[in-house]
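Colleague: Residue numbers (numbering that gives the first Met the number 0): 0 to 137.
Built from N, CA and C at the ideal position, the CB exists for glycine as well.
Quick caveat, the model's predicted, so the values are computed rather than measured.
One structure coming up, written as structure tokens, with questions to follow.
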Amino acid sequence: MLLAAYFLEDGFAHLKISSNELLRWSVFIGLCVVSGSIMLWSVISLPITERGKRLTTTGAFKYFRHPLYGAFLSFFNFGLAVLLNNWIYILWAVIQHPLWHWLIRHEEKLMEKRFPVEYEAYAARTGRFFPKFFRQNK
């Protein structure tokens, strides 16, 4: 999809995000730092050797059900889109979300089977790729 956006970019050359290169680089670097921090926090919260053995609901997983995907989709993609300086890349970043929501269903069904009661409650209170800041208490 990024390749498609690249080939479409010339047709949307008039849709520049900003002429301020320092601003674009600053946004990109800032969102890379956020993304990298979430990825590191994710690995610390659930070491690779522990994956699939337990349901982790602390650390990064307290806020994201899929913090690695969330870091990439919600932060890095948008930083890259701003750096590439065309609204077609923002559209590319936006389109990634529903596509990944659809792709991740299989992984979530496996978690529901492995941890039936716990995962349902966890999913209800935790965002998939972006934190749920406003939770309804039941």
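Which of the three DSSP states is assigned to residue 27 in this structure?
Modeller: Position 28 of the sequence shown holds residue 27. Residue 27: helix per DSSP, three-state reduction.
Colleague: Return the first residue and the last residue of the alpha helix (DSSP H) that residue 62 is part of.
Modeller: As a working mapping, residue 62 is identified with position 63 in the sequence shown. Note, residue 62: premise wrong, no alpha helix (DSSP H); not H, not E.
Colleague: Verify whether the separation of the beta carbon atoms of residue 43 and residue 66 is less than 8 Å.
Modeller: Stepping through the sequence shown from its first residue, residue 43 is reached at position 44. Stepping through the sequence shown from its first residue, residue 66 is reached at position 67. For residue 43 and residue 66, no; Cβs fall outside 8 Å.
Colleague: Determine the closest residue to residue 40 out of 28, 58, 25 and 116, with distance taken between C-alpha atoms.
Modeller: As a position in the sequence shown, residue 40 is number 41, starting the count at 1. If we check each option's Cα against that of residue 40, 58 comes out closest.
Colleague: Check whether the stretch 61 to 77 touches the stretch 116 to 134, taking contact to mean three or more Cβ pairs, one atom from each stretch, closer than 8 Å.
Modeller: Short answer: they touch.
Colleague: Candidates 29, 89 and 61: which alpha carbon is nearest residue 16's?
Modeller: As a working mapping, residue 16 is identified with position 17 in the sequence shown. Among 29, 89 and 61, the Cα nearest to that of residue 16 belongs to 89.
Colleague: To the nearest angstrom, how far is the alpha carbon of residue 62 from that of residue 13?
Modeller: Indexing the sequence shown from 1 puts residue 62 at position 63. Indexing the sequence shown from 1 puts residue 13 at position 14. Distance between the alpha carbons of residue 62 and residue 13 is about 38 Å.
Colleague: Which residue wins for smallest C-alpha separation from residue 130, given the options 50, 47, 21 and 73?
Modeller: On the sequence shown, residue 130 is found 131 positions in, with the first residue counted as 1. For the residues 50, 47, 21 and 73, the minimum Cα distance to residue 130 belongs to 73.
Colleague: On the DSSP bridge list, what partners appear for residue 126?
Modeller: Taking the sequence shown and counting its residues from 1, the one referred to as residue 126 is at position 127. Looking at the DSSP assignment, residue 126 forms a beta bridge with 63.
Colleague: Between residue 75 and residue 30, how many whole angstroms is the CB-CB distance? I'm expecting something under 8 Å.
Modeller: Taking the sequence shown and counting its residues from 1, one reaches residue 75 at position 76. Taking the sequence shown and counting its residues from 1, one reaches residue 30 at position 31. Yes, residue 75 and residue 30 are in contact; Cβ-Cβ is about 6 Å, under 8 Å.
Colleague: Below 8 Å between beta carbons: does that hold for residue 23 and residue 84?
Modeller: Numbered from its first residue, the sequence shown carries residue 23 at position 24. Numbered from its first residue, the sequence shown carries residue 84 at position 85. Cβ distance < 8 Å, so residue 23 and residue 84 count as in contact.
Colleague: At a cut of 8 Å, does the stretch 95 to 105 reach the stretch 43 to 54 through at least three beta carbon pairs?
Modeller: Counting Cβ pairs under 8 Å, fewer than three are found: no touch.
Colleague: Under the three-state reduction of DSSP, which class applies to residue 76: helix, strand or coil?
Modeller: Here residue 76 refers to the residue found at position 77 of the sequence shown. Residue state, collapsed to three classes: helix.
Colleague: Here's the rule I'm using: 16 or more other beta-carbon atoms within 10 Å means buried, otherwise exposed. How should residue 64 be labelled?
Modeller: Walking along the sequence shown from the start, residue 64 turns up at place 65. Answer is buried; the Cβ neighbour count reaches 16.
Colleague: Roughly how many angstroms lie between the CA atoms of residue 114 and residue 35, to the nearest whole one?
Modeller: Residue 114 sits at position 115 when you count from the first residue of the sequence shown. Residue 35 sits at position 36 when you count from the first residue of the sequence shown. Between residue 114 and residue 35, the C-alpha separation is close to 29 Å.
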